[in-house]
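Novice:
Protein chains: 6
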Amino acid sequence: MVHSASILLALASSLASASDPSPLQDFCVAINDTKNGVFVNGKFCKDPNLVTPNDFFSGLNIPRNTENLAGSTVTPVNVAQISGLNTLGISLVRIDYAPSGGLNPPHTHPRAIEILVVLEGTLYVVGLIHFQFNIGKTKAVAIAGLSSQNPGVITIANAVFGSNPTINPDVLSKAFQLDQNVVKSLQKKF
Amino acid sequence: MVHSASILLALASSLASASDPSPLQDFCVAINDTKNGVFVNGKFCKDPNLVTPNDFFSGLNIPRNTENLAGSTVTPVNVAQISGLNTLGISLVRIDYAPSGGLNPPHTHPRAIEILVVLEGTLYVVGLIHFQFNIGKTKAVAIAGLSSQNPGVITIANAVFGSNPTINPDVLSKAFQLDQNVVKSLQKKF
Amino acid sequence: MVHSASILLALASSLASASDPSPLQDFCVAINDTKNGVFVNGKFCKDPNLVTPNDFFSGLNIPRNTENLAGSTVTPVNVAQISGLNTLGISLVRIDYAPSGGLNPPHTHPRAIEILVVLEGTLYVVGLIHFQFNIGKTKAVAIAGLSSQNPGVITIANAVFGSNPTINPDVLSKAFQLDQNVVKSLQKKF
Amino acid sequence: MVHSASILLALASSLASASDPSPLQDFCVAINDTKNGVFVNGKFCKDPNLVTPNDFFSGLNIPRNTENLAGSTVTPVNVAQISGLNTLGISLVRIDYAPSGGLNPPHTHPRAIEILVVLEGTLYVVGLIHFQFNIGKTKAVAIAGLSSQNPGVITIANAVFGSNPTINPDVLSKAFQLDQNVVKSLQKKF
Amino acid sequence: MVHSASILLALASSLASASDPSPLQDFCVAINDTKNGVFVNGKFCKDPNLVTPNDFFSGLNIPRNTENLAGSTVTPVNVAQISGLNTLGISLVRIDYAPSGGLNPPHTHPRAIEILVVLEGTLYVVGLIHFQFNIGKTKAVAIAGLSSQNPGVITIANAVFGSNPTINPDVLSKAFQLDQNVVKSLQKKF
Amino acid sequence: MVHSASILLALASSLASASDPSPLQDFCVAINDTKNGVFVNGKFCKDPNLVTPNDFFSGLNIPRNTENLAGSTVTPVNVAQISGLNTLGISLVRIDYAPSGGLNPPHTHPRAIEILVVLEGTLYVVGLIHFQFNIGKTKAVAIAGLSSQNPGVITIANAVFGSNPTINPDVLSKAFQLDQNVVKSLQKKF
Chain A
1 MVHSASILLA
11 LASSLASASD
21 PSPLQDFCVA
31 INDTKNGVFV
41 NGKFCKDPNL
51 VTPNDFFSGL
61 NIPRNTENLA
71 GSTVTPVNVA
81 QISGLNTLGI
91 SLVRIDYAPS
101 GGLNPPHTHP
111 RAIEILVVLE
121 GTLYVVGLIH
131 FQFNIGKTKA
141 VAIAGLSSQN
151 PGVITIANAV
161 FGSNPTINPD
171 VLSKAFQLDQ
181 NVVKSLQKKF
Chain B
1 MVHSASILLA
11 LASSLASASD
21 PSPLQDFCVA
31 INDTKNGVFV
41 NGKFCKDPNL
51 VTPNDFFSGL
61 NIPRNTENLA
71 GSTVTPVNVA
81 QISGLNTLGI
91 SLVRIDYAPS
101 GGLNPPHTHP
111 RAIEILVVLE
121 GTLYVVGLIH
131 FQFNIGKTKA
141 VAIAGLSSQN
151 PGVITIANAV
161 FGSNPTINPD
171 VLSKAFQLDQ
181 NVVKSLQKKF
Chain C
1 MVHSASILLA
11 LASSLASASD
21 PSPLQDFCVA
31 INDTKNGVFV
41 NGKFCKDPNL
51 VTPNDFFSGL
61 NIPRNTENLA
71 GSTVTPVNVA
81 QISGLNTLGI
91 SLVRIDYAPS
101 GGLNPPHTHP
111 RAIEILVVLE
121 GTLYVVGLIH
131 FQFNIGKTKA
141 VAIAGLSSQN
151 PGVITIANAV
161 FGSNPTINPD
171 VLSKAFQLDQ
181 NVVKSLQKKF
Chain D
1 MVHSASILLA
11 LASSLASASD
21 PSPLQDFCVA
31 INDTKNGVFV
41 NGKFCKDPNL
51 VTPNDFFSGL
61 NIPRNTENLA
71 GSTVTPVNVA
81 QISGLNTLGI
91 SLVRIDYAPS
101 GGLNPPHTHP
111 RAIEILVVLE
121 GTLYVVGLIH
131 FQFNIGKTKA
141 VAIAGLSSQN
151 PGVITIANAV
161 FGSNPTINPD
171 VLSKAFQLDQ
181 NVVKSLQKKF
Chain E
1 MVHSASILLA
11 LASSLASASD
21 PSPLQDFCVA
31 INDTKNGVFV
41 NGKFCKDPNL
51 VTPNDFFSGL
61 NIPRNTENLA
71 GSTVTPVNVA
81 QISGLNTLGI
91 SLVRIDYAPS
101 GGLNPPHTHP
111 RAIEILVVLE
121 GTLYVVGLIH
131 FQFNIGKTKA
141 VAIAGLSSQN
151 PGVITIANAV
161 FGSNPTINPD
171 VLSKAFQLDQ
181 NVVKSLQKKF
Chain F
1 MVHSASILLA
11 LASSLASASD
21 PSPLQDFCVA
31 INDTKNGVFV
41 NGKFCKDPNL
51 VTPNDFFSGL
61 NIPRNTENLA
71 GSTVTPVNVA
81 QISGLNTLGI
91 SLVRIDYAPS
101 GGLNPPHTHP
111 RAIEILVVLE
121 GTLYVVGLIH
131 FQFNIGKTKA
141 VAIAGLSSQN
151 PGVITIANAV
161 FGSNPTINPD
171 VLSKAFQLDQ
181 NVVKSLQKKF
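Sequences listed follow chains A, B, C, D, E and F, in order.
The numbering of the first sequence is the UniProt record's numbering, which starts it at 1 and goes up by one.
The numbering of the second sequence is the UniProt record's numbering, which starts it at 1 and goes up by one.
The numbering of the third sequence is the UniProt record's numbering, which starts it at 1 and goes up by one.
The numbering of the fourth sequence is the UniProt record's numbering, which starts it at 1 and goes up by one.
The numbering of the fifth sequence is the UniProt record's numbering, which starts it at 1 and goes up by one.
The numbering of the sixth sequence is the UniProt record's numbering, which starts it at 1 and goes up by one.
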């Protein structure tokens with residue numbers, strides 16, 4: 001299905017559905033306190049007395065360069081970029097697509113559901129398979145909301161053929177019905 | 001604090017923090033089945049065999065007219081507009097602001113946390129008080145993600161001075177330290 | 001609507017709906033460990049071996065003095081008063097109202113839903129607007145249960161007119177349809 | 001541990017910890033629509049257009065008669081008594097205790113955590129075992145908040161010795177280290 | 001990594017993390033009430049008065065035949081098999097693997113986290129990639145717990161190459177760095 | 001009701017229903033960092049760079065010795081045994097039962113719902129009362145899934161008669177309708 005600018009899509013990905021635990025105070029601005037090698041589920045909070053408005057915003061410079069293999073660049077804005085998003089259970093991404101074939105390849109977000117709005121261009125999207133493909137002759141831009149402050153992303157081809165350590169080629173050959181040599185060649189590429 | 005186009009803000013509103021219950025199947029496209037006067041928490045689901053791709057998208061026509069009292073128009077895209085958002089726990093709004101003073105007035109979302117990206121123009125926002133005010137000489141546009149498929153909205157001035165039935169003016173006079181006549185006059189306006 | 005002693009009200013405030021994350025052990029008595037400037041979502045737990053029955057109770061001395069501007073006193077009993085409430089997702093408040101006009105002014109709890117029982121006196125409450133007003137000639141007392149160990153409270157008039165830093169009067173003048181001078185005068189009072 | 005009037009206790013029962021699913025609209029007043037033999041998780045909602053203030057309150061007449069075997073009466077106020085509590089995740093109970101030995105026997109709430117305030121009298125409570133025993137010479141009264149609109153209650157002695165169908169006495173004899181005849185006698189009493 | 005019988009594995013799949021909404025009554029045995037084309041999130045409940053012990057159990061006959069392309073058979077026991085599991089947020093699967101290469105191919109559960117115990121045989125599993133491969137010369141058997149009553153399953157190769165409608169081969173060719181002819185051939189196989 | 005090997009039971013215990021908070025990253029392997037006497041809800045996480053596959057599995061050696069008073073041994077595999085289960089909201093137990101009367105006595109899990117599969121032997125289980133009794137002449141073995149990484153367990157007889165400090169015998173005598181001497185004798189046994 002083809003969608004032009006300003007079409008909004010609910011990516012009811014059948015691959016994701018977590019809801020982050022609720023906040024227990026007005027805000028909990030994230031800090032990384034790794035100096036002691038101590039970690040919690042999510043992030044530690046910054047001392048509330050030291051929190052400033054800057055903890056709650058970030059620039060989203062446009063446009064991004066899309067001269068890469070996939071022809072797309074995903075710019076996340078989650079708890080890693082805006083520490084004030086910690087415990088709030090929501091984040092955004094901006095996606096730039098190169099003209100004529102820019103692809104945000106099949107992937108899933110292990111901790112979030114996604115909703116996507118096409119700001120510019122024409123994208124091809126299919127059903128529950130989660131990718132976007134720029135079929136227009138011009139660049140495309142989309143913004144997506146995600147239901148987690150740390151949604152994560154698993155790009156399927158990388159996870160399967162590019163895992164480290166490498167998966168036994170017998171498994172992938174059988175699972176994808178591909179010749180062992182093709183599997184090994186893919187494992188080198190990813 | 002003033003924010004120009006492409007600034008992304010986490011509206012860590014201290015007024016909202018629910019997370020919707022998780023989905024229990026791949027999708028539950030909403031239907032209103034009021035013919036029997038029967039309702040559930042949220043919405044009934046459409047027969048999965050009748051679901052089509054159209055249930056998952058919607059146009060988001062731009063720009064919206066902002067010639068109204070506040071000088072702003074909020075275009076929600078939640079479960080009421082995209083029935084496929086049902087059970088997914090996320091939605092978006094587009095907000096258009098008139099030049100030089102367009103205001104999305106102080107409000108809260110009883111069932112969602114919001115994150116806002118300024119696509120165009122310059123907005124004034126303050127800390128945890130939840131409003132946007134266009135201080136630029138040109139129109140402004142923002143998109144916000146919300147962590148519920150049905151976030152709701154309570155515009156504070158309306159809820160307080162425009163409630164139906166009317167609140168006893170003694171209460172509002174005391175709470176807002178306003179003269180009774182001012183309160184009664186406000187209750188007529190809202 | 002007027003309610004006398006022993007009436008129980010569900011304050012289905014349209015302004016609140018979080019549920020705290022579930023406990024992950026039998027109890028997690030709160031401690032403030034700010035000596036390192038380190039914070040978590042909620043509170044750190046006390047060493048379970050040092051927990052005593054005293055961590056789970058607190059006196060609720062009655063009656064409270066209500067000689068203040070609003071004519072009411074709210075005595076919270078949440079995780080700040082009973083550290084054993086940490087992670088348990090529930091708390092209480094006691095509210096004392098002065099005779100003839102004691103007011104618990106319009107407010108909301110960002111992380112809790114409230115249920116209120118009138119122990120003594122006669123209170124005026126309206127629909128979804130969340131306040132109580134003592135219309136009786138004697139003092140009134142109520143107890144309310146809240147669905148969070150740290151429900152928070154936003155008193156609307158304070159948040160709007162008394163915020164620090166001050167909100168631009170243009171915004172409040174437009175939002176509340178009040179003269180700029182009235183707004184500035186209110187901002188001085190709160 | 002002995003607690004007099006106005007002591008507030010967090011009953012951090014190690015037997016309970018659910019949080020009800022969040023509401024998905026401002027309110028969902030419960031109805032029982034059993035005419036078709038159809039049920040949902042929780043309750044169906046009343047048509048929002050037919051909801052009235054009466055759906056949100058209930059009298060809590062005092063005092064209750066405590067002339068029964070245990071010497072106590074529990075008056076619940078949950079979704080069965082106030083249908084407006086549906087989806088709100090909170091409820092209350094009032095407990096009246098007979099003088100000199102009124103007992104609310106050991107029990108647990110499968111879907112709620114409880115916090116209890118003693119309004120009148122002197123109660124004996126121990127650690128994580130969940131009961132209250134009136135050790136004073138006068139009646140006692142308590143109010144408790146519960147973190148569910150339908151907390152449920154399992155009175156332990158009834159569940160073990162009074163279950164229907166009856167549990168094989170071999171099991172209870174072994175589990176409680178009681179003579180089989182004692183077990184059979186208890187099974188007759190409960 | 002190779003695991004022999006009686007090894008228990010936490011499959012901390014980075015692809016799944018939902019928790020089902022909590023139950024709101026003691027049990028809600030599922031029924032399918034599709035005669036009116038009406039559906040809810042999850043399942044309707046059976047009339048509690050008609051519930052029998054049979055609603056809570058099911059046979060798990062062993063062993064299953066594994067003479068199929070993958071050399072494995074997954075026997076789910078979730079709300080579709082035991083209607084009493086409705087609202088309980090947990091289910092199991094039994095997996096039988098053919099000797100010397102039986103494969104439960106890479107997949108994910110969109111609504112559950114999985115924990116797996118090897119009852120018999122020797123399985124090969126790698127890191128966060130979610131599959132099991134029987135490297136032993138004898139059959140293997142495993143049981144897995146899943147944190148949802150309806151966990152769902154997405155077999156990756158099927159979802160990518162066997163989707164209906166078919167995904168544009170340009171997308172898959174680019175995403176998997178495979179020749180277009182290989183992609184088209186795979187799309188025929190799946 | 002009697003169940004033989006390979007019967008799977010949903011123990012829809014009316015005594016349990018929590019769902020653990022969702023994970024906020026791919027994994028959070030538990031560590032106990034008690035050197036500073038600091039604790040959190042659940043467990044601290046291990047430095048992700050130090051996580052190894054060993055953090056995600058554990059042996060489950062069989063059979064266990066059942067020569068004890070109850071004639072049963074419960075072998076838990078939760079976050080205490082597999083630290084990688086932290087934040088994942090699921091765990092397992094293996095239960096071995098002695099022939100002819102091995103009993104896993106009445107108990108409840110305060111933070112989990114349980115589903116049980118009988119691998120070997122014949123067990124007697126009744127309705128919502130949560131125990132298993134080996135009525136066969138041979139040993140029995142079961143595996144159960146639990147919907148928490150730290151489900152907890154309250155063995156009812158121990159909690160009631162073996163609590164420390166001891167419960168006032170007046171309370172137990174009244175609650176269980178047992179002679180005071182029987183209560184005191186039970187309190188010595190447990």
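Note that the Cβ used here is the ideal one computed from N, Cα and C, for glycine as well.
So if DSSP puts C/C45 in a beta bridge, which residue, or which two residues, is it bridged to?
Specialist: Its beta-bridge partners are C/A30, F/F39.
Novice: Using a C-beta to C-beta distance shorter than 7 Å, which residues of chain B count as neighbours of E/G37?
Specialist: The answer, in chain order, is D47.
Novice: Assuming residue 212 of chain A and E/V160 form a contact by the criterion Cβ under 8 Å, report the distance between their Cβ atoms to the nearest whole angstrom.
Specialist: Because chain A spans 1 through 190 in this model, residue 212 of chain A falls outside it and cannot be assessed.
Novice: Rounded to a whole number of angstroms, what is the C-alpha to C-alpha distance between E/G136 and E/L123?
Specialist: Taking the straight line joining both Cα atoms gives about 7 Å.
Novice: Looking only at its own chain, which residues have a Cβ that is under 8 Å from the Cβ of F/S83, when we skip the five neighbours before and after it?
Specialist: Correct list, in chain order: V29, A30, I31, K43, K46, D55.
Novice: Starting from the beta carbon of A/A157, find every residue of chain E whose beta carbon is closer than 7 Å, and list them in chain order.
Specialist: A175, F176, listed in chain order.
Novice: Specify the secondary structure class of F/S6 as computed by DSSP and reduced to three states.
Specialist: No answer about F/S6 holds up, because its pLDDT of 48 lies below 50 and its placement is not dependable.
Novice: Is it buried or exposed for A/N181, if we count other Cβ within 10 angstroms and need 16 for buried?
Specialist: Classification for A/N181: exposed.
Novice: Using a threshold of 8 Å, state whether the C-beta atoms of A/R111 and A/I143 are closer than that.
Specialist: Against a cut-off of 8 Å, the Cβ pair of A/I143 and A/R111 comes out as no contact.
Novice: Counting C-beta neighbours from all protein chains within 10 Å, is the total for C/D179 16 or more, i.e. buried, or is it exposed?
Specialist: Answer is exposed; the Cβ neighbour count stays below 16.
Novice: Per DSSP, C/G145 is paired with what?
Specialist: Bridge partners of C/G145: C/L92, C/I115.
Novice: Return the chain-ordered list of same chain residues with a C-beta closer than 7 Å to the C-beta of residue 228 of chain F, the five sequence neighbours on each side being excluded.
Specialist: Chain F is shown from 1 up to 190; residue 228 of chain F falls before or after that span and cannot be answered.
Novice: Residues in its own chain within less than 6 Å of E/V51 by CB, not counting five upstream and five downstream?
Specialist: These residues qualify, in order along the chain: V29.
Novice: Please report how far the alpha carbon of D/G89 lies from the alpha carbon of B/G152, in whole angstroms.
Specialist: C-alpha separation (whole angstroms): 19 Å.
Novice: List the residues that DSSP assigns as beta-bridge partners of D/S173.
Specialist: None, per the DSSP bridge assignment.
Novice: Does the beta carbon of F/V40 sit closer than 8 Å to a beta carbon anywhere in chain A?
Specialist: Output row for F/V40: interface = yes.
Novice: Hey, how far is the Cα of E/K139 from the Cα of F/V117?
Specialist: About 20 Å.
Novice: Could you give the distance in angstroms between the alpha-carbon of B/G102 and the alpha-carbon of B/K189?
Specialist: If I take the Cα positions, the gap works out to 19 Å.
Novice: So F/D96 and F/P63 are in contact, right, with Cβ under 8 Å, and what is the actual spacing, rounded?
Specialist: Their Cβ separation, rounded to whole angstroms, is 5 Å, which keeps F/D96 and F/P63 in contact under 8 Å.
Novice: What residues of chain F sit near A/G162, judged by a beta carbon separation below 8 Å?
Specialist: Going along chain F, no residue has its Cβ under 8 Å from A/G162, so there is no contact; the nearest lies around 16 Å.
Novice: Please say whether A/L24 and C/N164 have beta carbons closer to each other than 8 Å?
Specialist: Not closer than 8 Å, so no.
Novice: Hey, would you say F/V77 sits closer than 8 Å to F/S100, going by beta carbons?
Specialist: In this structure, F/S100 does not lie closer than 8 Å to F/V77 by Cβ.
Novice: Between which two residues does the beta strand (DSSP E) holding A/V77 run?
Specialist: Note, A/V77: beta strand (DSSP E), 72-77.
Novice: From A/F57 to C/N168, what distance separates their C-alpha atoms?
Specialist: When rounded, the distance between both Cα atoms is 20 Å.
Novice: Have a look at B/P105 and B/G71 and give me their C-alpha separation to the nearest angstrom.
Specialist: Rounded to whole angstroms, B/P105 to B/G71 spans 10 Å at the Cα level.
Novice: Between the Cα of C/Q81 and those of C/N65, C/T73, C/G59, spot the shortest distance and give me the residue it belongs to.
Specialist: Ranking the options by Cα distance to C/Q81, first place goes to C/G59.
Novice: For residue 223 of chain B, list the residues DSSP reports as bridge partners.
Specialist: Residue 223 of chain B lies beyond the range of chain B shown here (1 to 190); nothing can be said about it.
Novice: C/N150 versus chain A: which residues are under 8 Å apart at the beta carbon?
Specialist: Residues of chain A passing the Cβ test: L24, Q25.
Novice: Going by the DSSP bridge assignment, what does E/N134 pair with across the sheet?
Specialist: E/L123.
Novice: Cutting at 8 Å between CB atoms, please list the residues of its own chain near D/A98, excluding the five before and the five after it.
Specialist: Excluding sequence neighbours, D/A98 sits near T66, E67, G71, S72, N134, K139.
Novice: By how many angstroms is the C-alpha of D/H109 removed from the C-alpha of F/L85?
Specialist: In a straight line, the C-alpha of F/L85 is about 27 Å away from that of D/H109.
Novice: Just the C-alpha distance for B/S148 and B/V74, rounded to the nearest angstrom, thanks.
Specialist: So the two alpha carbons sit approximately 16 Å from each other.
Novice: Could you give the DSSP three-state label for residue 202 of chain D: helix, strand or coil?
Specialist: Beyond the ends of chain D as shown, which are 1 and 190, falls residue 202 of chain D; an answer cannot be given.
Novice: Around the Cβ of F/G121, are there at least 16 other Cβ atoms within 10 angstroms (buried) or fewer (exposed)?
Specialist: By the neighbour-count rule (16 or more Cβ atoms within 10 Å), F/G121 is buried.
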